[in-house]
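J.: Before we start, here is the structure in question, set down as structure tokens.
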Amino acid sequence: MKKLIYIFIVMFFYSCTPYGAQVEKSLRYAAHNRSQLEQVLQHYRKNDADSLKFKAAKFLIQNMPYHRSYSAEAYLAYCREMDSLFINCEEGDTIMAHKAQEISSRHQNNLTIEYDILNITADYLKWNIDYSFNVWQESDFLRHLTFDEFCEYVLPYKCLELQPMIKWKEQWRDSLRGELDEAVKIDELKYCVRRAAEFVTWSYRDADSIVRLDKKHINGINFTEILDMPTLAKQPYATCGERSRFGIMTCRSKGIPVSLDYTPNWADRWDTHYWNHVYVESRRSFDYEPMQTYPGGVHFIDTPMAKVFRQTYAPHPILIDAIEDGEKLPRSLGHIFIQDVTSEYCRTANIDISLKKNVKQTSDYAYLAVFDNQEWVPVDICKVKRGRALYNNVGLDILYMVVGYDNQQLIPLSSPFIVDVQKNITYVESSSNQKQNIRMYRKFPSYGHIYATKKLLKGGQIEAADNPDFKGAVKMALLPDDHLLSGEVPILDSLPYRYWRLCSSHERSTDMAELFFYDRDSIKLIEGKLIYPDVEFRNPVFDTHEHINDRDPLTYFAVDNNCDPKRWIGFDFGKPVAINKVIYIRRGDGNDVMPGDEYELHYWTGDKWHKHDSKIANGIYVDFTDVPVDRLYYIKGISRGSQDRIFLYKDGEIRWY
């Protein structure tokens, strides 16, 4: 009874405030800064003509708790030093990246991150509201926005978390506009939001543009993120996240409704991915990654996505509840200012999963996880109700598992399960004692980028001769055109030859990563001295003679008949040898089974991975015997690489997930 009375009193108190319960809650969080926020509210409340601005002020204030920013003065000093470094570095300058890391370390102690609600000023907030309304009224590209959409696409004083509270919208309004101002004079383009974003994006590549974000980020180099547009523009290396941060800031500063969308982790591979999304006035909206694609271009349209989120100003309702309940969120869901937009990108299903009853769960929350190359990664959250986890709008044809999160550890709360294209749920679990043998040719699925280079992955011819010039060479084997990955060909001719070579079987290049010759009598790999004509390299970094047998599947050598002299690669074995077979691995992603490499097979036991066996490959495949059937399997390369993947195996067929 006392608790009910307390709740009634609290509700009555909030109902009596002039700003509503949520705003009043934020004002209490503001503590000593409350007066600054109340100045803003009173400023717009006193004039009926400002009723919409008053509503906008309440939106900003009620969603302000937990937003944080770098203190502007120290942060901009850091950016100025980074700016000087970036502008003076040359393309390909890896030393620059190390210097950037040094600058970041030196400034680290001066950089402070503060809660917005404790530091924002009334003047800044009023300026932002007035400026944003002017942009909304004047921009031809915002006329389709409702007030609620305006509150997310135009109104916020920041579009990125930790962004310092400066007048960035005004400062970059007139920069990098490209052909935008000319194009709007054409009737068809005047209100076309997609083309507006496209013109701004194209301006990044203008000859006189200062933007340099097109080069790939250097792995292993980390520095404090750049959230200042002039500095970020000059950064010569960038991740998808950095390019997308730049894209949203440049477009929003010009009144173009662009958001930053991302997937916490791909459904079938490692890593998160960020991109921009432009909210258009009609038809469907478009996604793109600045410097890589343009609005309306092809951008990962075939890659399965479990969840997609849009970074917003308002927090995700379940994530904010979890934080206020004391929940420690996993890193993949650490950004709470998001909106679930998965259904805008793919077909989805709502799922209801029964949780294991024998697992102690101290939290009221459960996470939907996918598997990256090494571990389960949470991509969604729900509050557990009566031992069940309900998730809305999850991607289809994907393997998931529900997990808990306690003390930075993931706790399996369900068996792995697949949500198929018919929206059916199938659990991957079995108590069968049956066994099977599994043959693996790869440790990771082959993706479209391999097929995209298929014209360079076809054919090839093995020849032998008794002289190093290969006069009168004998054709020993043709490598099939339809084997784009790896394979082996038998050598049926019984005569021994000292000199053997690979050449192209077409009037074009054939790219080969590795070539192995096996002796007829011992069936063992034999080594020879490389011989080759004096020809120019097509790509000196990847395409050199030594790559044909350097045991690195990510390098290659290209044989080519369409040049003079023809490019081929030969082996001098020192004496005539009879060859039993030739194993080849074509240029690719490095995930074909490599002779001599070690591989492990694991399967899921209910709450952890169980190592079944470890094998050394003797050829282009590796066999695992006596494997329990109907399990979730995981192939892991021990000798090289980090791309390892889970799969199902049935009737001799691998189904990667």
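In the numbering used here, the protein residues as written are 3 to 659. Even for Gly, the Cβ is constructed at its ideal location relative to N, Cα and C.
Where does residue 543 land, buried or exposed, given buried means 16+ other C-beta within 10 angstroms?
T.: exposed
J.: Pick from 555, 560 and 554: whose alpha carbon is nearest that of residue 547?
T.: 560
J.: Excluding the 5 residues preceding and the 5 following residue 168 in the sequence, name in chain order all residues of the same chain whose CB lies nearer than 7 Å to its CB.
T.: 74
J.: Please look up how many angstroms separate the CB atoms of residue 480 and residue 571, rounded, as I've assumed it's under 8 Å.
T.: The Cβ separation is near 17 Å, so there is no contact.
J.: Entirely within the region 161-233 and at least 4 residues each: give me those alpha helix (DSSP H) ranges in chain order.
T.: If only complete runs of 4 or more residues are kept, the region 161-233 shows the alpha helix (DSSP H) at 170-173, 182-185 and 195-205, in order along the chain.
J.: Looking only at C-alpha atoms, which of 461, 280, 636 and 545 sits nearest to residue 441?
T.: 636
J.: So what's residue 588 in DSSP terms, helix, strand or just coil?
T.: strand
J.: May I ask you to report which of helix, strand or coil DSSP gives residue 130?
T.: helix
J.: Label residue 381 either buried or exposed according to how many other C-beta atoms from any shown protein chain fall within 10 Å of its C-beta, with 16 as the threshold for buried.
T.: When all chains shown are included, residue 381 counts as buried.
J.: Give me the Cα-Cα distance between residue 370 and residue 313, rounded to the nearest whole angstrom.
T.: 19 Å
J.: Could you name the residues that DSSP lists as bridge partners for residue 278?
T.: 262 and 290
J.: Exposed or buried, what is residue 411 when buried is set at 16 or more other beta-carbons lying within 10 Å of its beta-carbon?
T.: exposed
J.: Let me make sure I understand the geometry here. Which of 508, 190, 400 and 45 has the alpha-carbon closest to that of residue 305?
T.: 400
J.: With a cut-off of 8 Å on the beta carbons, I'd call residue 243 and residue 204 a contact; round off their distance for me.
T.: Rounded, the Cβ-Cβ distance is 21 Å, inconsistent with contact.
J.: With DSSP run on the structure shown, which of helix, strand or coil describes residue 597?
T.: coil
J.: Around the Cβ of residue 657, are there at least 16 other Cβ atoms within 10 angstroms (buried) or fewer (exposed)?
T.: exposed
J.: Specify the secondary structure class of residue 502 as computed by DSSP and reduced to three states.
T.: strand
J.: Does the distance from the CB of residue 157 to the CB of residue 58 come in under 8 Å?
T.: Contact: yes.
J.: Kindly indicate the opening and closing residues of the alpha helix (DSSP H) around residue 121.
T.: For residue 121, the enclosing alpha helix (DSSP H) starts and ends at 118-121.
J.: Buried or exposed for residue 423, please, with buried defined as at least 16 other CB atoms from any protein chain shown within 10 angstroms of its CB.
T.: Counting other Cβ atoms within 10 Å of its Cβ, residue 423 stays below 16 and is therefore classed as exposed.
J.: Do residue 386 and residue 308 come within 8 Å of each other at the CB atom, strictly closer than that value?
T.: no
J.: Taking C-beta to C-beta, are residue 517 and residue 586 nearer than 8 Å?
T.: yes
J.: Determine, using beta carbons only, whether residue 632 and residue 582 come nearer to each other than 8 Å.
T.: no
J.: Do residue 641 and residue 600 have their C-beta atoms within less than 8 Å of each other?
T.: yes
J.: Can you grab the Cα-Cα spacing for the pair residue 20 / residue 33, in whole Å?
T.: 18 Å
J.: Tell me where the alpha helix (DSSP H) around residue 99 begins and ends.
T.: 96-109
J.: Tell me the rounded alpha-carbon separation between residue 378 and residue 372.
T.: Rounded to whole angstroms, the separation of the alpha carbons of residue 372 and residue 378 is 5 Å.
J.: So within the region 26-105, which uninterrupted beta strand (DSSP E) runs reach at least 3 residues, ignoring any that extend past its ends?
T.: 70-72
J.: Three or more C-beta pairs under 8 Å: does that hold for the region 100-108 against the region 144-156?
T.: no
J.: Among the residues of its own chain, which have a CB less than 8 Å from the CB of residue 40, if the five just before and after it don't count?
T.: 29
J.: For a quick check, are the C-beta atoms of residue 435 and residue 508 less than 8 Å apart?
T.: no
J.: Quick check on the DSSP output: the beta strand (DSSP E) that includes residue 557 runs from which residue to which?
T.: That residue, residue 557, is in no beta strand (DSSP E); it is neither H nor E in DSSP.
J.: From the DSSP output, read off the bridge partner residues of residue 655.
T.: 652
J.: Thinking C-beta only, is residue 355 closer than 8 Å to residue 404?
T.: Against a cut-off of 8 Å, the Cβ pair of residue 355 and residue 404 comes out as a contact.
J.: So, helix, strand or coil for residue 565, using DSSP?
T.: Residue 565 falls in the coil class under three-state DSSP.
J.: Counting only the same chain and skipping the five closest in sequence on each side, list residues whose C-beta sits under 6 Å from that of residue 531.
T.: When the five nearest sequence neighbours on each side are left out, the beta carbons in the same chain lying within less than 6 Å of the beta carbon of residue 531 are those of 574, in order along the chain.
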